[in-house]
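Everything below concerns the one structure shown next.
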Amino acid sequence: MLENASGVFASAAEKKEATPDLKDRHAKIGQQALEIDFLAGALGRIGDASAKR
């Protein structure tokens, strides 16, 4: 309970600084989507090789 007390009484500006920027989150999601597409394509070129064995 005491660990969360600072969050309860923090001002709106302090709370905003603590949350990650939405633009950063979208960039990370896009990066992960590209990595997944790349890995799926690479595994497809290998043939029947699968990450699940």
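As numbered in this note's numbering, the sequence shown has no gaps in its residue numbers, which increase by one up to the final residue, 793.
We put the CB at the ideal spot given by N, CA and C, even for glycine.
Checklist entry - What's the gap between the Cα of serine 746 and the Cα of proline 760? => result 18 angstroms
Next on the checklist: Excluding the 5 residues flanking glycine 770 on each side, which residues of the same chain have their C-beta closer than 8 angstroms to its C-beta?
Outcome noted: none
Next on the checklist: In whole angstroms, give me the CA-to-CA distance for aspartate 777 and phenylalanine 749.
Outcome noted: 44 angstroms
Checklist entry - In three-state DSSP terms, what is aspartate 764? => result helix
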